[in-house]
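**Q** Dumping the structure here so I can ask a few things about it.
2 protein chains.
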Amino acid sequence: MLTFTEENYIKAIYRLSEGGLKAVLTNEVAETMSTKAASVTDMIKRLSNKNLISYEKYYGAKITKLGKSQALTVIRKHRLWETFLVEKLHFTWDEVHDVAEQLEHIQSPLLIEKLDEFLGFPTADPHGHPIPDKDGKVHTPTLIPLSESALNKKSVVMSVRDGSPSFLQYLSKIGIYIGAMIVILDKTEFDSSMEVLIDNKTRIFISRDAAQNLLTTALMK
Amino acid sequence: MLTFTEENYIKAIYRLSEGGLKAVLTNEVAETMSTKAASVTDMIKRLSNKNLISYEKYYGAKITKLGKSQALTVIRKHRLWETFLVEKLHFTWDEVHDVAEQLEHIQSPLLIEKLDEFLGFPTADPHGHPIPDKDGKVHTPTLIPLSESALNKKSVVMSVRDGSPSFLQYLSKIGIYIGAMIVILDKTEFDSSMEVLIDNKTRIFISRDAAQNLLTTALMK
DNA sequence: AATATTTTTTAGATCAATCTAAACTTTTAT
DNA sequence: ATAAAAGTTTAGATTGATCTAAAAAATATT
Chain B
286 MLTFTEENYI KAIYRLSEGG LKAVLTNEVA ETMSTKAASV TDMIKRLSNK NLISYEKYYG
346 AKITKLGKSQ ALTVIRKHRL WETFLVEKLH FTWDEVHDVA EQLEHIQSPL LIEKLDEFLG
406 FPTADPHGHP IPDKDGKVHT PTLIPLSESA LNKKSVVMSV RDGSPSFLQY LSKIGIYIGA
466 MIVILDKTEF DSSMEVLIDN KTRIFISRDA AQNLLTTALM K
Chain H
286 MLTFTEENYI KAIYRLSEGG LKAVLTNEVA ETMSTKAASV TDMIKRLSNK NLISYEKYYG
346 AKITKLGKSQ ALTVIRKHRL WETFLVEKLH FTWDEVHDVA EQLEHIQSPL LIEKLDEFLG
406 FPTADPHGHP IPDKDGKVHT PTLIPLSESA LNKKSVVMSV RDGSPSFLQY LSKIGIYIGA
466 MIVILDKTEF DSSMEVLIDN KTRIFISRDA AQNLLTTALM K
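Chains as they are written, first to last, in my numbering: chain B, 286 to 506; chain H, 286 to 506.
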């Protein structure tokens, strides 16, 4: 069984490896975990001994099958808890993350099964991120950054790429949420900002950065 | 802020001190925590430095006002989570303890407030133990062990003194639960066992030990 | 009261997680 | 291609939590 800290590292490494594809560098991990490179090296050795990653000095860490499944379990728990916090306890979108960071480490498979059932077996969390199932399977719809959507085409916000509190707060202030319907009314050439219509009601300008962070699916019909 | 382990110690010490009244000995703590006396001495020094207990060598630990309030917070969280597990996730009575032991250490006052509200501000957990309120106030009805109840008087099971899984399983097998109505039909002199009637339906014999562990309130007619 | 027993504390080790500072690789730039 | 810069690892320390073994204090026994 993994410690609290090991779980956090394997999760971070999984994220940085983009699902287990590429090797992850020490400093990348140090930065996302707000810790020092030396600490990361130590931990990487430990995770390697437990066969969660394979590790070559000065080259980086690659996540193993076992490591991936552990990471997905933690992510599953995190997203189920976030869903619980928002849907049942009425937390707002931007309040859930820190609490879910703690709750994700509770060890009880029974608890997670029952929570999943209680929530009605959701497939995505309140940020629109998919929730891996019990066996670690993730069903991901193809997501297009709003910045790449065509003019006048209806899209639904499914997810955000950068879930930082400040971005989430900004979104909620301007009325964008998971499930919101967005149409691009106009694109400005020189700075790639755009004017959009939210839920057929609100017209607003958003920056290129914001549009790149909003992941959408095209609305059929 | 207290560590996970410090919270567990202060809770155990509070319990053993019977609500902060009497001093608690090193070995008592070691036993209930399944640890060694030397570890307890170390921790007692740390808790003393944090002003959660006052400590005199070879005499024992007395819980302070601050310590008591911390302990009550942990207990409050534990009991709210147990209530959640049973009422919302349909855990059984005897499955909740280990999970609640973990959940009680989640740090988020907002979470506990919202959980409390979600549960409808319960005053007792599924074992019938009172849930301290936000300010640490506990309203405790006077509890009488069933063994001391009078013949033919109606009582309601409010709590159990010994919450061990084996006892809880036994109770649930014979149909006794928190809220059950019990009447003593007959007491046997020589071994203090008794025949009782549960919910006006089931007649059963229970031992003196069991009767002493069942805490009840007299039912006003 | 003197001795034996029990309880508690201290001393010294270990392990997880972290850090700083120094040493060592790899990469980049001149 | 060599020097400078950047990135990574090792060495050595620290803190929290735990342990065993030995010393010290309190309690019980004869």
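All C-beta atoms, glycine included, are put in the ideal place defined by N, C-alpha and C.
(1) Where H/E491 and H/M479 are concerned, what is the direct C-alpha to C-alpha distance, given to the nearest angstrom?
(2) Between the Cα of H/I469 and the Cα atoms of H/D447, H/T311, H/L287, H/S434, which residue gives the shortest distance?
(3) Any contact of the segment 289-297 of chain B with the segment 348-360 of chain B, i.e. 3+ C-beta pairs under 8 Å?
(4) What separation, rounded to the nearest whole angstrom, lies between the Cα atoms of B/L396 and H/I397?
(5) Report yes or no: do three or more beta-carbon pairs, one from the segment 373-380 of chain B and one from the segment 317-336 of chain B, lie closer than 8 Å?
(6) Going by C-alpha to C-alpha distance, which of B/F289, B/T349, B/T320 sits closest to B/E509?
(7) Helix, strand or coil: which one does DSSP assign to B/I461?
(8) Under a CB-based cut-off of 8 Å, is B/K399 close to chain H?
(9) Give every residue of the same chain whose Cβ lies closer than 6 Å to the Cβ of B/K506, excluding the five residues on either side of it in the sequence, and list them in chain order.
(10) State the DSSP-derived secondary structure class of B/F490, mapped to helix, strand or coil.
(11) Which value, in whole angstroms, describes the spacing of the CA atoms of B/P508 and H/P450?
(12) Going by DSSP, what residue range makes up the alpha helix (DSSP H) through H/Y340?
(13) Kindly indicate if chain B contains any beta-carbon less than 8 Å away from that of H/K506.
(14) Check for me: the alpha helix (DSSP H) holding B/E503 runs from which residue to which?
(15) Identify the contact partners of B/Q392 in chain H, using a Cβ-Cβ distance below 8 Å as the criterion.
(16) Suppose the cutoff is 6 Å on Cβ atoms and the five residues either side in sequence are ignored; what does the same chain contact list for B/E291 look like?
(17) Rank B/V384, B/K422, B/V442 by C-alpha distance to the C-alpha of B/I461 and give the top, closest one.
(18) What residues from chain B crowd round H/F406, counting only those whose CB sits closer than 9 Å?
(19) Take B/S444 as the anchor and find which of B/K438, B/F475, B/F452 has the nearest alpha-carbon.
(20) How should H/E380 be labelled, buried or exposed, when 16 other C-beta atoms within 10 angstroms of its C-beta is the threshold for buried?
(21) Got a sec, what are the start and stop residues for the alpha helix (DSSP H) H/S440 sits in?
(22) Does the segment 358-367 of chain B touch the segment 412-425 of chain B, meaning 3 or more C-beta pairs lie closer than 8 Å?
(23) Quick one: give me the first and last residue of the beta strand (DSSP E) that B/A346 is part of.
(24) How many Å lie between B/F403 and H/S339 at the Cα?
(25) Thinking C-alpha only, which one of H/G345, H/V481, H/L428 is nearest H/K307?
(26) Given this structure, state the Cα-to-Cα distance separating B/N498 from B/D447, to the nearest angstrom.
(27) Write down the C-beta distance between H/G413 and H/I483 rounded to the nearest angstrom, noting that I regard them as a contact closer than 8 Å.
(28) What are the partner residues of H/P515, as DSSP defines its beta bridges?
**A** For this structure:
(1) Within the second sequence, residue 491 of chain H is the residue found at index 206, counting from 1. Within the second sequence, residue 479 of chain H is the residue found at index 194, counting from 1. Here residue 491 of chain H is Ile; the residue named in the question, Glu, does not match the sequence. Roughly 6 Å separates the two Cα atoms.
(2) The residue labelled residue 469 of chain H in the question sits at position 184 within the second sequence. The candidate whose alpha carbon is nearest that of H/I469 is H/S434.
(3) yes
(4) Along the first sequence, one-based indexing puts residue 396 of chain B at 111. Along the second sequence, one-based indexing puts residue 397 of chain H at 112. Each residue's Cα considered, the two are about 18 Å apart.
(5) These segments do not touch.
(6) The requested residue 509 of chain B does not occur in the structure, where chain B is confined to residues 286 to 506.
(7) Indexing the first sequence from 1 puts residue 461 of chain B at position 176. Coil, per DSSP.
(8) By 1-based counting over the first sequence, the position of residue 399 of chain B is 114. Answer yes: the Cβ-Cβ gap between B/K399 and chain H drops below 8 Å somewhere.
(9) Taking the first sequence and counting its residues from 1, the one referred to as residue 506 of chain B is at position 221. Note that B/K506 has pLDDT 40, beneath the 50 cutoff, so the model's placement of it is unreliable and the number below is only indicative. For B/K506, where only same-chain residues beyond five positions count, there are no Cβ hits under 6 Å.
(10) Looking up residue 490 of chain B in the first sequence gives position 205. Strand, per DSSP.
(11) The structure shown does not extend to residue 508 of chain B, since chain B is modelled only from 286 through 506, so no value can be given for it.
(12) Indexing the second sequence from 1 puts residue 340 of chain H at position 55. Element bounds for H/Y340: not the alpha helix (DSSP H) but the beta strand (DSSP E), 338-341.
(13) Against the second sequence, residue 506 of chain H aligns to sequence position 221. Any reading at H/K506 is ruled out, since the residue's pLDDT is 41, under 50, leaving its predicted position unreliable.
(14) Position 218 of the first sequence, counted from the first residue, corresponds to residue 503 of chain B. The amino acid at residue 503 of chain B is misidentified as Glu; the sequence shows Ala. Annotation for B/A503: no alpha helix (DSSP H) segment contains it, though the beta strand (DSSP E) segment containing it runs 499-503.
(15) One-based indexing of the first sequence puts residue 392 of chain B at position 107. Neighbours of B/Q392 on chain H, chain order: Q387.
(16) Residue 291 of chain B sits at position 6 when you count from the first residue of the first sequence. Nothing meets the Cβ criterion.
(17) Walking along the first sequence from the start, residue 461 of chain B turns up at place 176. For B/I461, the nearest C-alpha among the options comes from B/V442.
(18) Locating residue 406 of chain H in the second sequence gives position 121, where the first residue counts as 1. Near H/F406 there are no residues of chain B at all, since even the closest Cβ is about 14 Å away, more than 9 Å.
(19) For the purposes of this step, residue 444 of chain B is identified with residue 159 of the first sequence, where counting begins at 1. Closest option to B/S444, Cα to Cα, is B/F452.
(20) The residue you call residue 380 of chain H lines up with position 95 of the second sequence. The residue in question, H/E380, is buried, as its Cβ has 16 or more Cβ neighbours within 10 Å.
(21) Start at 1 with the first residue of the second sequence, and residue 440 of chain H comes out as number 155. Careful: H/S440 lies outside any alpha helix (DSSP H), inside the beta strand (DSSP E) at 439-445.
(22) Taking one beta carbon from each stretch, the segment 412-425 of chain B and the segment 358-367 of chain B have 3 or more pairs nearer than 8 Å; the two touch.
(23) On the first sequence, residue 346 of chain B is found 61 positions in, with the first residue counted as 1. Residues 345-348.
(24) For this step, residue 403 of chain B is matched to residue 118 along the first sequence. For this step, residue 339 of chain H is matched to residue 54 along the second sequence. For B/F403 and H/S339, the distance between alpha carbons rounds to 45 Å.
(25) Numbered from 1 along the second sequence, position 22 holds the residue referred to as residue 307 of chain H. Nearest option by C-alpha distance: H/G345.
(26) Along the first sequence, read from residue 1 onward, the residue named residue 498 of chain B stands at position 213. Along the first sequence, read from residue 1 onward, the residue named residue 447 of chain B stands at position 162. Looking at the two C-alpha atoms, the distance is approximately 6 Å.
(27) Residue mapping note: residue 413 of chain H aligns to position 128 of the second sequence, counting from 1. Residue mapping note: residue 483 of chain H aligns to position 198 of the second sequence, counting from 1. Going by Cβ atoms, the distance from H/G413 to H/I483 rounds to 16 Å, so no, they are not a contact pair.
(28) With chain H running from 286 to 506 in the structure shown, residue 515 of chain H is simply not present.
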